[in-house]
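Taken in order, the sequence shown gives residues 1 to 104; the numbers are from UniProt numbering.
Just so you know, even glycine gets a beta-carbon here, dropped at the ideal spot from N, CA and C.
If you're wondering where the values come from, they're calculated on a predicted model, not measured in any experiment.
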Amino acid sequence: MYIAMNRFKVHPDHEEAFKKRWLDREVLLKTVHGFQSFQFLQGPRYEEYVLYASHTVWESYEAFIGWTKSEQFRAAHANAGEGKPLTVGPPVFEGFQVLQNITN
1 MYIAMNRFKV
11 HPDHEEAFKK
21 RWLDREVLLK
31 TVHGFQSFQF
41 LQGPRYEEYV
51 LYASHTVWES
61 YEAFIGWTKS
71 EQFRAAHANA
81 GEGKPLTVGP
91 PVFEGFQVLQ
101 NITN
């Protein structure tokens, strides 16, 4: 199992536009082999930014890499960077190999 996350520092005055961009998009992840789940997360609020994260769970690291090389990935990110900047800097990627997974 592999977890891929992107952390976003969102300008407080652009927060609604940022959320709308994520929540209104076409979700292509479900069509990719090895995809298990996605979470869009809102974190703490600071004076300069509000922290958000995208969190995806993949069957394996290889499945995640397959996503990054897919037509669906290119389509999902085709308009990235267009329009008014909503974040403080670029997203920060973090990838994790799952060593233990405990479920109920």
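Residue i to residue j span [Cα, whole Å]
i: Q42; j: E94; result: 16 Å
i: I102; j: H11; result: 35 Å
i: R74; j: N104; result: 35 Å
i: M5; j: H55; result: 5 Å
i: Y2; j: H33; result: 13 Å
Burial state of residue i, where buried means 16 or more other Cβ atoms lie within 10 Å
i: L86; result: buried
i: A17; result: exposed
i: V27; result: exposed
i: F64; result: buried
i: F35; result: buried
i: W50; result: Before going further, note that residue 50 is Val rather than Trp in the sequence given. V50 comes out buried.
i: V92; result: exposed
Proximity winner among the options, relative to residue i (alpha-carbon distances)
i: G99; options: F8, E59, P90, R74; result: In the sequence on display, residue 99 carries Leu and not Gly. For L99, the nearest C-alpha among the options comes from E59.
i: Y46; options: M1, I3, V88; result: V88
i: F8; options: H14, A53, Q39, V32; result: A53
i: T31; options: V92, A76, Y61; result: A76
i: P44; options: E15, F96, P90; result: E15
i: E62; options: Q97, F38, R25; result: Q97
request  = Flag this pair as touching only if the stretch 61-70 and the stretch 14-22 have three or more C-beta atom pairs under 8 Å; answer yes or no.
outcome  = no
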